[in-house]
Amino acid sequence: MTSLETAHTELLQQQIMAEIASQGGKIPFSKYMEMALYAPGMGYYSAGAHKLGSGGDFTTAPEISPLFGAAIVSTLLPILRGLQSQGLPTQILEFGAGTGKLAESILTRLHELGFALDRYDIIEISPDLAQRQVARLQTLSQKLSLSTQCHWLSALPSQFKGIILANEVMDAIPCDAIIYHDGFWHWHDVTTVNEKLNWIVGRPVQQDLLPEALLTGHFSEGYLTELHPQANAWAGQIAKQLHTGLFLTFDYGFPETEYYHPQRSTGTLMAHHRHHAIQDPFYLPGLCDITTHIAWTQIARSVLNKTVDDVYLSNQAGYLLDAGIGDIALEIGDPSNPKTFLPISNALQKLLSEAEMGELFKVFAFSKNLNAALPDVLHYTLEDLPGLRGRNRLSSC
Numbered sequence: 003m004t005s006l007e008t009a010h011t012e013l014l015q016q017q018i019m020a021e022i023a024s025q026g027g028k029i030p031f032s033k034y035m036e037m038a039l040y041a042p043g044m045g046y047y048s049a050g051a052h053k054l055g056s057g058g059d060f061t062t063a064p065e066i067s068p069l070f071g072a073a074i075v076s077t078l079l080p081i082l083r084g085l086q087s088q089g090l091p092t093q094i095l096e097f098g099a100g101t102g103k104l105a106e107s108i109l110t111r112l113h114e115l116g117f118a119l120d121r122y123d124i125i126e127i128s129p130d131l132a133q134r135q136v137a138r139l140q141t142l143s144q145k146l147s148l149s150t151q152c153h154w155l156s157a158l159p160s161q162f163k164g165i166i167l168a169n170e171v172m173d174a175i176p177c178d179a180i181i182y183h184d185g186f187w188h189w190h191d192v193t194t195v196n197e198k199l200n201w202i203v204g205r206p207v208q209q210d211l212l213p214e215a216l217l218t219g220h221f222s223e224g225y226l227t228e229l230h231p232q233a234n235a236w237a238g239q240i241a242k243q244l245h246t247g248l249f250l251t252f253d254y255g256f257p258e259t260e261y262y263h264p265q266r267s268t269g270t271l272m273a274h275h276r277h278h279a280i281q282d283p284f285y286l287p288g289l290c291d292i293t294t295h296i297a298w299t300q301i302a303r304s305v306l307n308k309t310v311d312d313v314y315l316s317n318q319a320g321y322l323l324d325a326g327i328g329d330i331a332l333e334i335g336d337p338s339n340p341k342t343f344l345p346i347s348n349a350l351q352k353l354l355s356e357a358e359m360g361e362l363f364k365v366f367a368f369s370k371n372l373n374a375a376l377p378d379v380l381h382y383t384l385e386d387l388p389g390l391r392g393r394n395r396l397s398s399c
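Our numbering applies: residue 3 is where the sequence shown begins, and numbers increase by one.
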């Protein structure tokens with residue numbers, strides 16, 4: 003770690019400690035996570051650090067291979083054509099577009115299939131990532147002579163008609179930490195001990211804020227887990243603002259019964275630094291990514307409350323295979339040529355293997371006011387969500 007990085011993390015830690023002192027000696031974990039990730043000019047996503055790829059702290063599916071975005075197009079293209087047939091603009095909006103590789107692979111695949119997308123919008127809170135996105139998509143547009151207009155927005159437009167994408171976005175939305183203590187759920191707050199950040203048991207959690215699984219399950223003393231009011235609200239707001247179209251997101255997580263399993267006693271919070279997973283979320287604030295797994299059942303309930311039409315959940319491997327990723331791999335590579343096909347094969351292994359991203363990563367989607375039939379690529383597995391409305395799969399196009 004350089005002296006500049008040391009000074010950076012120490013300064014942010016001092017700001018967090020000052021916030022703790024101003025709040026009477028402790029703050030919610032969600033406040034700490036917000037400052038560590040998003041404090042202006044200091045947080046992990048607000049400062050100019052290299053985050054993605056081999057030289058960063060983690061790698062996402064679009065960084066692994068353009069096959070990921072190309073496969074997604076099998077879901078998007080029938081919807082875009084349906085919007086076009088209704089006289090609506092064909093547009094995609096992506097939250098948190100990373101280095102722009104997902105946008106690049108989607109636009110490239112659409113171009114190969116002869117579809118001219120009207121707009122590709124991006125909402126990005128990281129200034130350095132936004133700069134990389136602009137450079138990448140400008141180069142692509144010139145290379146392919148694309149007519150697609152790319153715009154960077156600060157907020158989701160009201161009554162949006164189109165497709166909204168988010169790849170590994172919700173895991174970085176600040177969550178609240180809770181702990182089972184003396185027979186009750188308490189907030190697991192952040193304090194300072196000997197000039198270092200540390201945990202402290204806070205006030206009891208209001209019962210109406212707890213999911214049913216935490217009210218009826220049997221948990222050991224000191225059981226740790228998370229609540230996701232901000233992520234739930236974010237998904238609900240998207241469902242509210244989406245007038246016509248599809249929301250599609252990829253992230254790691256579990257249905258509620260798995261998320262709050264009695265044996266998952268240490269929660270899902272994790273820090274990432276230089277491709278190392280770190281259990282301590284207080285390690286190098288501002289230099290480490292902090293993430294939490296998604297409680298998908300709660301997200302589903304949040305969007306169903308906003309009168310969406312259908313909700314879908316599948317593991318990433320099943321989705322990508324149904325989306326034809328294998329056929330696309332054969333289009334771009336020759337299996338008889340190991341030199342060129344081995345990188346493709348290795349990428350497929352990472353995207354599909356149960357030991358890699360295939361099972362832990364989920365595909366979550368909901369549709370709203372779509373008249374056209376949807377592609378037969380998504381299946382839901384929300385068996386533990388009573389009263390789920392909607393079809394159990396997207397119908398064939």
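Heads up, the beta-carbon is just placed ideally off N, CA and C, and yes, glycines get one too.
Going by DSSP, what residue range makes up the beta strand (DSSP E) through residue i?
i, result
"Thr246", "244–256"
"Asp312", "312–317"
Roughly how many angstroms separate the alpha carbons of residue i and residue j, rounded to a whole number?
i, j, result
"Ser369", "Met3", "45 Å"
"Asn339", "Lys352", "20 Å"
"His113", "Ala72", "11 Å"
"Phe249", "Ile165", "6 Å"
"Ile327", "Trp236", "30 Å"
"Ser48", "Ala38", "10 Å"
"Gly360", "Val75", "18 Å"
"Thr251", "Leu315", "10 Å"
"Asn394", "Asp120", "Since pLDDT at Asn394 reaches only 36, below the 50 mark, its modelled position is unreliable, and no value is offered."
"Leu286", "Gly89", "51 Å"
"Glu141", "His245", "Checking the sequence, you will find Thr at residue 141 rather than Glu. Going from the Cα of Thr141 to the Cα of His245 covers about 32 Å."
"His230", "Thr110", "35 Å"
"Leu167", "Pro129", "19 Å"
"Ile18", "Glu12", "10 Å"
"Leu69", "Ala63", "9 Å"
"His10", "Met44", "7 Å"
"Ile296", "Ser87", "35 Å"
"Ser67", "Leu289", "26 Å"
"Ala179", "Gln16", "22 Å"
"Asp312", "Leu350", "29 Å"
"Leu216", "Thr294", "18 Å"
Taking only three categories from DSSP, how would you classify residue i?
i, result
"Phe70", "helix"
"Glu96", "strand"
"Lys162", "Residue identity differs from the one stated: residue 162 is Phe in this sequence, not Lys. Phe162: strand per DSSP, three-state reduction."
"Asn169", "strand"
"His113", "helix"
"Leu372", "coil"
"Thr4", "coil"
"Tyr382", "Caution applies to Tyr382, whose pLDDT of 42 falls short of 50 and renders its modelled position unreliable; the value that the coordinates give is listed next. In the structure shown, Tyr382 sits in coil (DSSP, three-state: anything other than H, G, I, E or B)."
"Arg83", "helix"
"Ser397", "Reliability fails at Ser397, whose pLDDT of 27 lies under 50, so the model's placement of it is uncertain and no value is given."
"Phe284", "coil"
"Lys103", "helix"
"Arg303", "helix"
"Ala241", "helix"
Starting from residue i, follow its DSSP beta bridges and name the residues at the other end.
i, result
"Glu228", "Ala179"
"Met272", "Thr293"
"Pro206", "His188"
"Gly151", "Here residue 151 turns out to be Gln, not Gly, going by the sequence shown. Paired residues: Arg121."
"Ala279", "His274"
"Thr194", "Leu199"
"Lys308", "None, per the DSSP bridge assignment."
"Phe363", "Tyr254"
When we look at the beta-carbon of residue i and count the other beta-carbons within 10 Å, is it buried (16 or more) or exposed?
i, result
"Val195", "exposed"
"Ser357", "The question names Ser, yet the displayed sequence has Ala at residue 357. By the 10 Å Cβ count, Ala357 comes out exposed."
"Thr268", "exposed"
"Gly304", "It is worth fixing the name first, because residue 304 is Ser in this sequence and not Gly. The residue in question, Ser304, is buried, as its Cβ has 16 or more Cβ neighbours within 10 Å."
"Ile22", "buried"
"Ala375", "Unreliable positioning characterises Ala375 in this predicted model, as indicated by a pLDDT of 45, which lies under 50. The coordinate reading is nonetheless provided below. Result: exposed."
"Gln135", "buried"
"Leu104", "buried"
"Asp253", "buried"
"Ser398", "Low confidence applies here, because Ser398 scores a pLDDT of 26, under 50, leaving its location unreliable; read the following figure in that light. Flag for Ser398 reads exposed."
"Gly247", "buried"
"Leu354", "buried"
"Trp187", "buried"
"Pro91", "exposed"
"Lys28", "buried"
"Gly224", "exposed"
Residue i lies in the alpha helix (DSSP H); which residues open and close that run?
i, result
"Tyr47", "From DSSP, Tyr47 is part of no alpha helix (DSSP H); its letter is neither H nor E."
"Ala137", "129–146"
"Tyr40", "31–40"
"Phe343", "340–354"
"Leu216", "214–218"
"Ala331", "327–334"
Please confirm whether any heavy atom of the ligand MN lies closer than 7 Å to the CB of residue i.
i, result
"Leu286", "In the structure shown, the ligand MN is absent, as is every other ligand, since no ligand is present at all."
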